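Visitor: Each residue of the sequence shown is one higher than the one before, starting from 7 at the first, in the working numbering. The C-beta atom is built at its ideal place from N, Cα and C for all residues, glycine as well. Computed from a predicted model, the values in this text were never measured in an experiment.
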Amino acid sequence: MSSPCIPDTSSPRSRPWSTSARATTSSQRTAACPSRSRSRRIPAAEQIVVAALGDSITEGSPGYDSRKGGDETSQWEHWAARADGRLEFRNCGIHGQRTDEIMARLDECAGGADVLVVQGGINDIAQGRSVDAAAENLRAMVRRGKELGLQVLLVELLPWNNGWPAAEPKIRKLNELIAEVARVEDVALLPFHDTLEDRDRPGRMREEWTSDGDHPSVEGYRRLGELAFSLPG
Numbered sequence: 007m008s009s010p011c012i013p014d015t016s017s018p019r020s021r022p023w024s025t026s027a028r029a030t031t032s033s034q035r036t037a038a039c040p041s042r043s044r045s046r047r048i049p050a051a052e053q054i055v056v057a058a059l060g061d062s063i064t065e066g067s068p069g070y071d072s073r074k075g076g077d078e079t080s081q082w083e084h085w086a087a088r089a090d091g092r093l094e095f096r097n098c099g100i101h102g103q104r105t106d107e108i109m110a111r112l113d114e115c116a117g118g119a120d121v122l123v124v125q126g127g128i129n130d131i132a133q134g135r136s137v138d139a140a141a142e143n144l145r146a147m148v149r150r151g152k153e154l155g156l157q158v159l160l161v162e163l164l165p166w167n168n169g170w171p172a173a174e175p176k177i178r179k180l181n182e183l184i185a186e187v188a189r190v191e192d193v194a195l196l197p198f199h200d201t202l203e204d205r206d207r208p209g210r211m212r213e214e215w216t217s218d219g220d221h222p223s224v225e226g227y228r229r230l231g232e233l234a235f236s237l238p239g
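(1) What are the boundary residues of the alpha helix (DSSP H) that includes Arg88?
(2) Would you check if the distance between the CB atom of Val160 and the CB atom of Val124 is smaller than 7 Å?
(3) Using DSSP bridges, identify the partner residues of Ile54.
(4) Which residues in the same chain as Ala141 place their Cβ atom closer than 7 Å to its Cβ, once the five residues preceding and following it in sequence are excluded?
(5) Can you say whether Asn167 is buried or exposed, counting buried as having 16 or more other CB atoms within 10 angstroms of its CB?
(6) Within the same chain, show all residues whose beta-carbon is closer than 8 Å to that of Ser33, passing over the 5 residues directly before and after it, in chain order.
(7) Please report the residue range of the alpha helix (DSSP H) in which Leu183 lies.
(8) Whether or not the segment 110-117 and the segment 129-138 are in contact is what I'm after, with contact meaning three or more pairs of Cβ atoms, one per stretch, closer than 8 Å; do they touch?
(9) If you reduce the DSSP assignment to three classes, tell me which class Leu154 lands in.
(10) How about Ser80 and Tyr227: do their beta carbons lie closer than 7 Å?
(11) Quick check on this structure: which residue in Ile100, Asp204, Phe235 has the alpha carbon closest to the alpha carbon of Leu195?
(12) Glu153: buried (16+ other C-beta within 10 angstroms of its C-beta) or exposed?
(13) Taking 6 Å as the cut-off, is the CB of Pro222 close to at least one heavy atom of the ligand ZN?
(14) Determine, using beta carbons only, whether Gly209 and Glu174 come nearer to each other than 7 Å.
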């Protein structure tokens, strides 16, 4: 394995969400990273395990399945790991899940990690659920991550081409609520929406940045990993 301070561009560290991957990462990190009651700053020189929790956008759909594998470049985590060689990602995205379903997996995903990325909400909208309830679920996940002593990052919803224009007001409303959660809870907000929005067609991703109108293309995931993701401090 390459030095944790030097990017390994040939094999970025992004693991599928599987029992073996979770066990390996957790056993490596638990002794050195005891649970703390408050979030902590992470020394720049050490390897950082990032638990990425969410739906298909975290998973890497349609090209990557967190439980089966696939095209590794179809994950924003892949590109973020290439950009920062300290990072080892644990991909805990599962397509189709709402925020309440994502929340139920938090403790299992986050065990032994240093950082928790919380993403979700579009499936709540797609299934006619309340955006206020989705925001409260995201808030609960942020608070749980902080209780576990993790540095927590919160993610905006992406534009949804196939849901435009009907879903756009709800997406913008939920993103406003997500930004408020980030402000009140004092956690970083990752600007996924604006990174992929087509400025000439507000509310939609640029055509080359989406593969199917629902999910990013590989180029879209690259932009998210390289431009939208960063650790504060």
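Guide: Short version:
(1) Translated into the one-based positions of the sequence shown, residue 88 becomes position 82. Run containing Arg88: 82-89, per the alpha helix (DSSP H) assignment.
(2) Position 154 of the sequence shown holds residue 160. Position 118 of the sequence shown holds residue 124. Before going on, a small fix: residue 160 reads as Leu here, not Val. In this structure, Leu160 sits near Val124, with a CB-CB distance shorter than 7 Å.
(3) Reading the sequence shown from its first residue, position 48 is the one you call residue 54. Per DSSP, Leu93.
(4) In the sequence shown, counting from the first residue as 1, residue 141 sits at position 135. Counting only Cβ-Cβ distances below 7 Å, and skipping sequence neighbours, we find Leu180, Leu183, Ile184, Val187.
(5) Reading the sequence shown from its first residue, position 161 is the one you call residue 167. Buried.
(6) Here the question's residue 33 lines up with position 27 in the sequence shown. In this prediction, Ser33 has a pLDDT of 32, which is less than 50 and means its spatial position is unreliable; nothing more can be read from the coordinates.
(7) If you number the sequence shown from 1, residue 183 lands on position 177. Looking at the DSSP string, the run of the alpha helix (DSSP H) that includes Leu183 is 174-191.
(8) no
(9) By one-based count along the sequence shown, residue 154 stands at place 148. Here Leu154 sits in coil by DSSP.
(10) Looking up residue 80 in the sequence shown gives position 74. Looking up residue 227 in the sequence shown gives position 221. Yes. Within cutoff.
(11) On the sequence shown, position 189 is the one that residue 195 refers to. Per the Cα distances, Phe235.
(12) Numbered from its first residue, the sequence shown carries residue 153 at position 147. Residue burial is scored here from C-beta neighbours: Glu153 has fewer than 16 other C-beta atoms within 10 angstroms and is therefore classed as exposed.
(13) Questions concerning the ligand ZN fall outside what the structure shown contains, since it holds no ligand whatsoever.
(14) As a working note, residue 209 is residue 203 in the sequence shown. As a working note, residue 174 is residue 168 in the sequence shown. Closer than 7 Å, so yes.
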